[in-house]
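Chemist: Encoded as structure tokens, here's the structure I'll be asking about.
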Amino acid sequence: MKALLEAGVHFGHQTRRWNPTMKKYIFTQRNGIHIIDLQQTLGMLNTVYQEMVDLVAQGGKVLFVGTKRQAQEVIQSEAERCGMLYVNQRWLGGTMTNFQTIRTRITYMLELQQKRDQGYFRVLPKKEGVKLRDKLNRLEKYFTGVRDMTEVPKAIFVIDIGREDICIAEARRMGVDIFAIVDSDCDPNLVDHIIPGNDDAVRSIRLITNRMASAVLEGLAQREAMEQARIEEMAEVDESAFLTAYVSPDEEEDGLPEMEGLDTATVAEVAPAAAAAITPVAEPEVEEPVAEAAAPETAAEEPVAEAAAPEASDEPEPESEAEPESEPEPEPEAEPEPEPEAEPEPEPEPEPEPEADPEPESETEPETEEATEEQSKE
Numbered sequence: 001m002k003a004l005l006e007a008g009v010h011f012g013h014q015t016r017r018w019n020p021t022m023k024k025y026i027f028t029q030r031n032g033i034h035i036i037d038l039q040q041t042l043g044m045l046n047t048v049y050q051e052m053v054d055l056v057a058q059g060g061k062v063l064f065v066g067t068k069r070q071a072q073e074v075i076q077s078e079a080e081r082c083g084m085l086y087v088n089q090r091w092l093g094g095t096m097t098n099f100q101t102i103r104t105r106i107t108y109m110l111e112l113q114q115k116r117d118q119g120y121f122r123v124l125p126k127k128e129g130v131k132l133r134d135k136l137n138r139l140e141k142y143f144t145g146v147r148d149m150t151e152v153p154k155a156i157f158v159i160d161i162g163r164e165d166i167c168i169a170e171a172r173r174m175g176v177d178i179f180a181i182v183d184s185d186c187d188p189n190l191v192d193h194i195i196p197g198n199d200d201a202v203r204s205i206r207l208i209t210n211r212m213a214s215a216v217l218e219g220l221a222q223r224e225a226m227e228q229a230r231i232e233e234m235a236e237v238d239e240s241a242f243l244t245a246y247v248s249p250d251e252e253e254d255g256l257p258e259m260e261g262l263d264t265a266t267v268a269e270v271a272p273a274a275a276a277a278i279t280p281v282a283e284p285e286v287e288e289p290v291a292e293a294a295a296p297e298t299a300a301e302e303p304v305a306e307a308a309a310p311e312a313s314d315e316p317e318p319e320s321e322a323e324p325e326s327e328p329e330p331e332p333e334a335e336p337e338p339e340p341e342a343e344p345e346p347e348p349e350p351e352p353e354p355e356a357d358p359e360p361e362s363e364t365e366p367e368t369e370e371a372t373e374e375q376s377k378e
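Structure, rendered in structure tokens:
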């Protein structure tokens with residue numbers, strides 16, 4: 001309160017220039033000048049301060065606007081201190097409503113500054129170099145404070161809303177929050193966040209603007225703290241997920257998860273499922289098809305052995321010379337039954353049958369002919 005009194009925040013305009021809508025913020029009048037109620041000013045300043053902190057903490061940017069002579073230097077210094085945008089020269093129409101066009105001019109200014117830094121102006125003819133320098137100076141005068149503005153700001157802080165009526169109209173049209181010092185000759189209905197006070201004295205402007213810049217810095221600190229907390233939280237989540245997925249060597253050897261600290265009922269429910277999940281497949285189930293496959297092979301070998309026996313018995317023994325005419329015909333070999341799955345084993349080759357000796361036959365035939373001749377003579 002003392003700082004507000006010393007800065008002259010309570011002085012309003014002459015009574016004949018007042019705005020009736022400011023009546024509730026006026027305490028009294030003295031020597032034809034309205035006196036603003038500093039109790040309300042102090043309370044509303046603290047409220048606006050917290051609202052500014054919350055807005056900046058959520059990622060919003062603030063544009064400081066003050067084009068009157070008393071506010072130009074203060075606006076520039078405080079905006080640069082908190083790293084925000086500012087306009088301390090004439091407000092160019094369309095700065096917010098026609099931002100795309102304004103942005104092209106800002107880009108052109110940045111290009112000229114780059115050429116100047118590279119020494120491009122020195123190699124040009126004198127007349128062309130002077131023209132480009134004048135153009136660059138004019139652009140820097142109006143756009144230096146908004147050179148980093150890539151979008152319409154979330155809020156503006158205005159000194160003297162009566163003088164900055166075009167700025168107020170554009171902000172209301174674009175839905176931008178308006179923070180402003182409202183004097184006794186202003187309409188408070190045009191402002192979203194009101195600070196009743198003197199908008200003409202340099203000390204009053206400096207005090208309130210400094211307070212708003214401090215609110216911006218506090219909001220930026222809160223935003224950084226929130227981002228840091230979010231990063232740490234994400235790191236903790238990732239670490240917990242890693243630890244959950246990690247299986248210790250002891251758990252791998254035991255085959256069951258640790259169940260320390262669980263009651264008997266929980267262990268009884270969890271243990272069977274966990275044991276079933278980690279029990280290896282029984283070996284007999286894997287070997288059954290092998291045993292079944294081996295059985296046909298054994299069965300398939302039996303017909304081969306049976307088939308080999310007749311082959312051995314089919315070999316005719318040589319007959320005696322007494323009966324040379326009749327030769328026993330060999331019986332056909334028994335065909336082995338087809339093996340179901342196993343590959344057939346090679347059959348033993350039949351032994352060659354011994355041929356009868358032709359000499360006894362030749363001796364026998366003459367004897368028979370002689371006997372027939374003797375019978376015919378008799």
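Residue numbers (the working numbering): 1 to 378.
Built from N, CA and C at the ideal position, the CB exists for glycine as well.
The beta strand (DSSP E) that contains Thr-15, what's its start and end?
Modeler: Counting from one through the sequence shown, the residue named residue 15 turns up at place 15. Element bounds for Thr-15: n/a, residue is neither H nor E.
Chemist: Applying the criterion that 16 or more other CB atoms from any shown protein chain within 10 Å of the CB defines a buried residue, is Met-84 buried or exposed?
Modeler: Taking the sequence shown and counting its residues from 1, one reaches residue 84 at position 84. Counting Cβ neighbours within 10 Å, Met-84 comes out buried, since at least 16 surround it.
Chemist: Any idea what DSSP makes of Gln-222, helix, strand or coil?
Modeler: For the purposes of this step, residue 222 is taken as residue 222 along the sequence shown, with counting starting at 1. If DSSP states are grouped into helix, strand and coil, Gln-222 belongs with the helices.
Chemist: Going by DSSP, name the residue or residues bridged to Ile-195.
Modeler: To locate residue 195, count along the sequence shown from 1; it is residue 195. DSSP lists Ile-181 as partners of Ile-195.
Chemist: Leaving out the 5 sequence neighbours to the left and right, which residues in its chain are closer than 8 Å to Arg-163 when beta-carbon positions are compared?
Modeler: Walking along the sequence shown from the start, residue 163 turns up at place 163. Result list for Arg-163: Thr-67, Lys-68, in chain order.
Chemist: For the alpha helix (DSSP H) containing Gln-50, name the first residue and the last one.
Modeler: Working through the sequence shown from its first residue, we reach residue 50 at position 50. Unbroken alpha helix (DSSP H) run through Gln-50: 38 to 57.
Chemist: Could you give the C-beta distance for Asp-390 and His-13, rounded to a whole number, given that I count them as a contact under 8 Å?
Modeler: Any answer about residue 390 is impossible in this case: the structure gives the chain only from 1 up to 378.
Chemist: Once you ignore the five residues that flank Ala-213 on each side, which residues in its own chain have a CB closer than 6 Å to its CB?
Modeler: By 1-based counting over the sequence shown, the position of residue 213 is 213. Contacts found: Glu-78, Arg-81, Cys-82.
Chemist: Please confirm if the segment 50 to 59 is in contact with the segment 25 to 41, defined as three or more CB-CB distances below 8 Å between the two stretches.
Modeler: no
Chemist: Indicate the three-state DSSP secondary structure (helix, strand or coil) for Ala-215 in the structure shown.
Modeler: Locating residue 215 in the sequence shown gives position 215, counting from the first residue. Note: Ala-215 maps to helix in three-state DSSP.
Chemist: Which class does Thr-150 belong to by DSSP, given the choice of helix, strand or coil?
Modeler: As a first step, residue 150 must be located in the sequence shown, where it is residue number 150. Reduced to three states, the DSSP call for Thr-150 is coil.
Chemist: Kindly indicate which three-state DSSP category Gln-89 falls into: helix, strand or coil?
Modeler: Taking the first residue of the sequence shown as position 1, residue 89 is located at position 89. Note: Gln-89 maps to coil in three-state DSSP.
Chemist: By how many angstroms is the C-alpha of Val-237 removed from the C-alpha of Ala-294?
Modeler: Walking along the sequence shown from the start, residue 294 turns up at place 294. Walking along the sequence shown from the start, residue 237 turns up at place 237. Confidence at Ala-294 is low in this model, with a pLDDT of 44, below 50, so the placement of that residue should be treated as unreliable; the coordinate-derived value is given next. Looking at the two C-alpha atoms, the distance is approximately 56 Å.
Chemist: Is it buried or exposed, Asn-88, if we count other Cβ atoms within 10 angstroms and call 16 or more buried?
Modeler: As a first step, residue 88 is located in the sequence shown; it is residue number 88 there, counting from the start. Around the CB of Asn-88, 16 or more other CB atoms lie within 10 Å, so the residue is classed as buried.
Chemist: Following the continuous alpha helix (DSSP H) through Leu-132, name the residue where it begins and the one where it ends.
Modeler: Within the sequence shown, the letter at position 132 stands for residue 132. It spans 126 to 143 - the alpha helix (DSSP H) in which Leu-132 sits, taken as one unbroken run.
Chemist: Can you tell me which residues form a DSSP beta bridge with Thr-28?
Modeler: Numbered from 1 along the sequence shown, position 28 holds the residue referred to as residue 28. In the DSSP output, where bridge partners are listed per residue, Thr-28 has Ile-35.
Chemist: Measure the CB-CB distance between Ala-171 and Ile-156 and report whether it falls below 9 Å.
Modeler: To locate residue 171, count along the sequence shown from 1; it is residue 171. To locate residue 156, count along the sequence shown from 1; it is residue 156. Contact flag set, yes.
Chemist: Give a yes or no on whether the C-beta atoms belonging to Val-56 and Gly-175 are separated by under 9 Å.
Modeler: As a working mapping, residue 56 is identified with position 56 in the sequence shown. As a working mapping, residue 175 is identified with position 175 in the sequence shown. For Val-56 and Gly-175, no; Cβs fall outside 9 Å.
Chemist: With H, G and I counted as helix, E and B as strand and the rest as coil, what does DSSP make of Leu-4?
Modeler: Numbered from 1 along the sequence shown, position 4 holds the residue referred to as residue 4. Residue state, collapsed to three classes: helix.
Chemist: Report the three-state DSSP secondary structure of Ala-171 (helix, strand or coil).
Modeler: The residue given as residue 171 occupies position 171 in the sequence shown. Three-state DSSP puts Ala-171 in a helix.
Chemist: Would you report the Cα separation of Met-1 and Phe-11, rounded to the nearest angstrom?
Modeler: What you label residue 1 is simply residue 1 of the sequence shown in a count that begins at 1. What you label residue 11 is simply residue 11 of the sequence shown in a count that begins at 1. Their backbone Cα atoms lie some 14 Å apart in a straight line.
Chemist: Could you have a look at Val-9 and say whether DSSP puts it in helix, strand or coil?
Modeler: By one-based count along the sequence shown, residue 9 stands at place 9. Three-state DSSP puts Val-9 in coil, outside helix and strand.
Chemist: Might you give, ordered along the chain, the residues of its own chain that have their beta carbon closer than 8 Å to the beta carbon of Trp-18, omitting 5 neighbours on each side?
Modeler: The residue given as residue 18 occupies position 18 in the sequence shown. Excluding sequence neighbours, Trp-18 sits near Gly-12, Ile-26, His-34, Ser-184, Asp-185.
Chemist: Decide if Asn-198 is buried, meaning its Cβ has at least 16 other Cβ atoms within 10 Å, or exposed.
Modeler: What you label residue 198 is simply residue 198 of the sequence shown in a count that begins at 1. Buried, by the Cβ-count rule.
Chemist: When DSSP labels each residue in this structure, what does Val-62 get in the three-state scheme?
Modeler: Numbered from 1 along the sequence shown, position 62 holds the residue referred to as residue 62. Strand, per DSSP.
Chemist: Have a look at Leu-63 and Gln-29 and give me their C-alpha separation to the nearest angstrom.
Modeler: Locating residue 63 in the sequence shown gives position 63, counting from the first residue. Locating residue 29 in the sequence shown gives position 29, counting from the first residue. Across the structure, Leu-63 and Gln-29 are spaced so that their CA atoms are roughly 34 Å apart.
Chemist: Quick check on the DSSP output: the beta strand (DSSP E) that includes Phe-121 runs from which residue to which?
Modeler: Here residue 121 refers to the residue found at position 121 when the sequence shown is read from its first residue. That residue, Phe-121, is in no beta strand (DSSP E); it is neither H nor E in DSSP.
Chemist: Please list, in chain order, all residues of the same chain as Gly-32 whose beta carbon is under 7 Å from its beta carbon, the five residues on each side excluded.
Modeler: Position 32 of the sequence shown, counted from the start, is the residue given in the question as residue 32. Same-chain partners within the cutoff: Gln-14, Thr-15.
Chemist: How many whole angstroms separate the CB atoms of Val-65 and Ile-205, which I take to be in contact at a CB cut-off of 8 Å?
Modeler: Counting from one through the sequence shown, the residue named residue 65 turns up at place 65. Counting from one through the sequence shown, the residue named residue 205 turns up at place 205. 12 Å between Cβ atoms; not a contact.
Chemist: With DSSP as the reference, identify every bridge partner of Val-158, one or two as the case may be.
Modeler: In the sequence shown, the residue the question calls residue 158 occupies position 158. For Val-158, which the question treats as bridged, DSSP gives the partners Val-65, Ala-180.
Chemist: Check whether the Cβ atoms of Val-9 and Ala-169 sit closer than 9 Å, and answer yes or no.
Modeler: Along the sequence shown, one-based indexing puts residue 9 at 9. Along the sequence shown, one-based indexing puts residue 169 at 169. No, the pair does not count as a contact, with Cβ atoms beyond the cut-off.
Chemist: Express the C-alpha separation of Asp-148 and Ala-71 in angstroms, rounding to a whole number.
Modeler: Start at 1 with the first residue of the sequence shown, and residue 71 comes out as number 71. Start at 1 with the first residue of the sequence shown, and residue 148 comes out as number 148. For Ala-71 and Asp-148, the distance between alpha carbons rounds to 21 Å.
Chemist: Hey, Glu-140 and Phe-99: beta-carbon distance below 9 Å or not?
Modeler: To locate residue 140, count along the sequence shown from 1; it is residue 140. To locate residue 99, count along the sequence shown from 1; it is residue 99. In this structure, Phe-99 does not lie closer than 9 Å to Glu-140 by Cβ.
Chemist: Pull up the distance between the alpha-carbon of Arg-223 and that of Leu-190, whole angstroms please.
Modeler: Here the question's residue 223 lines up with position 223 in the sequence shown. Here the question's residue 190 lines up with position 190 in the sequence shown. Distance between Arg-223 and Leu-190, taken at the CA atoms: about 29 Å.
Chemist: For a quick check, are the C-beta atoms of Phe-143 and Val-158 less than 9 Å apart?
Modeler: If you number the sequence shown from 1, residue 143 lands on position 143. If you number the sequence shown from 1, residue 158 lands on position 158. Not in contact: Phe-143 and Val-158 (Cβ atoms no closer than 9 Å).
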